[in-house]
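Trainee: When you line the sequence shown up against the working numbering, it's residues 1 to 136, in that order. Take a look at this one; I'll ask things after.
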Amino acid sequence: PTSPESSDMSSLELLAWALLILVLLRALVSLEQIYSLLRPDAPSPPPLSGVPRVLLRKAALTLKGAVYLVLSRDKVSSSALRRTIDPAELEPSRVTREVRLIFVRHGESVWNLVFNRGFGPSFLWRLLSTLLHELL
């Protein structure tokens with residue numbers, strides 16, 4: 001007999017995890033069918049057998065980004081910020097050229113769609129469908 005403090009999963013917990021995975025797989029199949037109806041010209045998503053490869057690729061990209069973040073020299077320290085020239089102190093004769101920057105804002109991102117539409121009854125659906133979309 002196992003005690004409640006035991007770290008082993010009970011058969012009921014294993015059954016619950018298996019049921020959750022089956023429900024998620026069924027939801028994924030339904031999302032693929034809906035997506036193919038909405039966008040018949042779009043390329044089909046990778047098969048479920050390709051999901052581990054996709055997840056591994058995304059994990060490798062995340063790790064590469066984290067390593068770059070830690071090891072890069074693109075950091076700005078507070079002392080470097082104090083050494084910068086105040087634009088108000090510049091003489092107009094020292095300015096050699098002007099550059100016009102135009103920022104173009106793109107449309108609403110997928111994650112903005114999830115979080116900016118409120119946390120009502122449809123929030124969980126938006127979150128799960130976006131997570132599945134990102135995984136594939």
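In this text, a Cβ means the ideal position worked out from N, Cα and C, and glycines have one as well. Since we're looking at a predicted model, the values are computed, not measured.
(1) Taking only beta-carbon atoms, is residue 21 less than 7 Å away from chain D?
(2) The ligand MG and residue 102: does any heavy atom of the ligand fall closer than 6 Å to the residue's C-beta?
(3) When you compare each of 104, 101, 121, 128 to residue 203 by their alpha carbons, which one comes out closest?
(4) Checking 7 Å against the spacing of the C-beta atoms, do residue 31 and residue 132 come in under that value?
(5) Nearest-angstrom Cα distance between residue 134 and residue 75?
(6) Terminal residues of the continuous alpha helix (DSSP H) containing residue 21?
(7) Could you name the residues of the same chain whose beta carbon sits closer than 6 Å to that of residue 66, not counting the 5 residues immediately before and after it, in chain order?
(8) In terms of alpha-carbon separation, which member of 121, 115, 120 lies closest to residue 130?
(9) Tell me the DSSP secondary structure of residue 120 in three-state form.
(10) I think residue 29 touches residue 136, with their Cβ atoms under 8 Å apart; what is that distance to the nearest whole Å?
Mentor: The answer reads as follows:
(1) Given the protein chain composition of this structure (a single chain), no chain D is represented.
(2) Looking at this structure, you won't find the ligand MG or any other ligand, since it has none at all.
(3) With the chain running from 1 to 136 in the structure shown, residue 203 is simply not present.
(4) For the purposes of this step, residue 31 is identified with residue 31 of the sequence shown, where counting begins at 1. For the purposes of this step, residue 132 is identified with residue 132 of the sequence shown, where counting begins at 1. Result yes, Cβ atoms of residue 31 and residue 132 sit closer than 7 Å.
(5) Within the sequence shown, numbered from 1, the residue matching residue 134 stands at position 134. Within the sequence shown, numbered from 1, the residue matching residue 75 stands at position 75. One C-alpha to the other measures close to 29 Å.
(6) In the sequence shown, counting from the first residue as 1, residue 21 sits at position 21. Run containing residue 21: 11 to 38, per the alpha helix (DSSP H) assignment.
(7) Position 66 of the sequence shown, counted from the start, is the residue given in the question as residue 66. Excluding sequence neighbours, residue 66 sits near nothing in its chain.
(8) The residue labelled residue 130 in the question sits at position 130 within the sequence shown. Comparing Cα positions, the closest option is 115.
(9) Residue mapping note: residue 120 aligns to position 120 of the sequence shown, counting from 1. Of the three classes helix, strand and coil, the one that applies to residue 120 here is coil, per DSSP.
(10) Residue numbering aside, residue 29 sits at position 29 when the sequence shown is read from its first letter. Residue numbering aside, residue 136 sits at position 136 when the sequence shown is read from its first letter. Their Cβ separation, rounded to whole angstroms, is 12 Å, which puts residue 29 and residue 136 out of contact at 8 Å.
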